[in-house]
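In this note's numbering, each residue carries its 1-based index in the sequence shown increased by 4. All C-beta atoms, glycine included, are put in the ideal place defined by N, C-alpha and C.
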Amino acid sequence: MKVLVTGGLGFIGSHTCVELLNSGYEVVIVDNLSNSSIDVLEKIEEITSKRPKFYDIDVCDKEEVKKVFRVNKIDAVIHFAGYKAVGESVREPLKYYRNNLDSTLTLLEVMKKENCHNFVFSSSATVYGNPKELPIKEDFPLSTTNPYGTTKLMIERILADLSKADKEMSIIVLRYFNPIGAHKSGLLGENPRGIPNNLMPYIVRVATKELEMLSVFGNDYDTHDGTGVRDYIHVVDLAKGHIKALEKCVRFKGIEYYNLGTGTGYSVLDLVKTFEEVNNVKVPYKIVDRRPGDIDACYADPGKAYEEIGFKAELGIEDMCRESYNYILKNKSD
Ligand code: WQD
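Here it is as structure tokens:
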């Protein structure tokens, strides 16, 4: 079975391509390299001894997307491509709406023309907004507080309407909690350009002394130690969740939603302490004001994904801390 992976050279996309190839799928990657680099393709080949077909194209470019479908008989699509920085989306909403919506609509229109009905969409727990209770189930109310999250919610609405109109479509929406960690080989991982927005990439840069100190955004939240609690899931577990989703996607018609999380929440200080212990390093930090838009706590009820697609995260917070650091040590440009 041939799977088109958009954004397949990105952090989650590349780890998913590895799991797809290791599971015997044929993989075709489209990526415009706006937030990834071509050397990831070599790393995927080094890990799997298979080289996916790669097209350096923008998914908003309909003619180019059509060519990919014309040259390759695509059986299913996993759609990762999209801008994903919350802060940037607040500063540049039009860029986010244009790119994230346009790319998805283009892809869906070409899929329809090319008779491709299987679609796995990379959504986010951010669509739950600030949940009234925990753990979060898939039928909880949806609301968003930033343009990035709103693009995800809008695309979910588009997919729900498409599913009603086109009974041939099989759509799986995966709502990721907080993906961190890296492939155990140290060949793939997360290394955002510039100053990291997210917690784990920032911790790693402080541990390697590239950055001086971690700013902990608030310690007056309604959590066990006052710092923000999140459901961190290992990116390799997340990748494996896509294989489970794909297996379901080709067996049913309609649309289904699954949380991909571990069901366990860890605070900022929990993560710092675990990272220091596992890697035997110091991560100096200071408590500063809350970051606007942050919520107290967010973690998944992973039960539906387990019951319906047989997905259960296996790797723990120690693995995530160890492999995040291992990746950077192996890829630090001295
Ligand atoms: C985690 C915790 C911060 C940085 C975001 C997006 C979400 C998804 C994952 C795309 C919070 C605290 C962080 C720092 C800190 N991305 N923190 N100091 O905000 O839960 O989720 O990334 O899908 O959509 O919203 O992740 O890693 O930014 O923050 O104290 O320098 O760490 O306050 O409690 P977040 P995060």
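The three-state reading of DSSP puts E23 in helix, counting H, G and I together. Bridge pairing for S107: absent [DSSP].
Counting along the chain, the unbroken alpha helix (DSSP H) around I51 starts and ends at 43-52.
Considering only D298, K117, L105, the residue with the shortest C-alpha distance to V220 is D298.
Remark: the shortest separation between the CB of G190 and any heavy atom of the ligand WQD does not fall under 6 Å. Look at T155 here: in three-state DSSP terms it is helix. Between Y225 and A80, the alpha-carbon positions lie close to 42 Å from each other. Membership of F73 in the alpha helix (DSSP H) is indicated by the continuous run 66-75. By the Cβ rule, the stretch 53-67 counts as touching the stretch 105-118, because three or more pairs are nearer than 8 Å. At a threshold of 6 Å, K88 counts as near the ligand WQD, since its beta carbon sits closer than that to one of the ligand's heavy atoms. DSSP assignment within the stretch 123-205 yields the following whole alpha helix (DSSP H) runs of 4 residues or more, N-terminal first: 151-169. Counting along the chain, T278 sits inside the alpha helix (DSSP H) bounded by residues 272-283.
A distance criterion of 6 Å places the beta-carbon of N202 in contact range of the ligand WQD, judged by its closest non-hydrogen atom.
In this structure, H187 lies away from D323, with their beta-carbon atoms at least 7 Å apart.
In this structure, the alpha-carbon of C120 lies about 11 Å from that of V254. Every beta strand (DSSP E) of 3 residues or more that sits fully in the stretch 199-246 is shown, in chain order, as 218-221, 236-238. Nearest to G314 by C-alpha distance, out of I332, V287, L264, Y270, is L264. For I78, the secondary structure class from DSSP, reduced to helix, strand or coil, is coil.
Closest in alpha carbon position to F256, among S127, K334, D165, F123, is F123. Secondary structure at N330: helix, using DSSP grouped into helix, strand and coil. A distance criterion of 6 Å places the beta-carbon of V220 in contact range of the ligand WQD, judged by its closest non-hydrogen atom. When the alpha-carbon of V287 is set against those of K117, M217, K168, the nearest one is in M217. The nearest non-hydrogen atom of the ligand WQD is 6 Å or more from the C-beta of N335. When DSSP states are grouped into helix, strand and coil, F58 belongs to the strand group. The beta carbon of L45 is closer than 6 Å to those of F58 in its chain, skipping five residues each way along the sequence. When DSSP states are grouped into helix, strand and coil, V114 belongs to the helix group. Taking 6 Å as the cut-off, the C-beta of R295 counts as close to a heavy atom of the ligand WQD.
Annotation for G258: the continuous beta strand (DSSP E) segment containing it runs 258-264.
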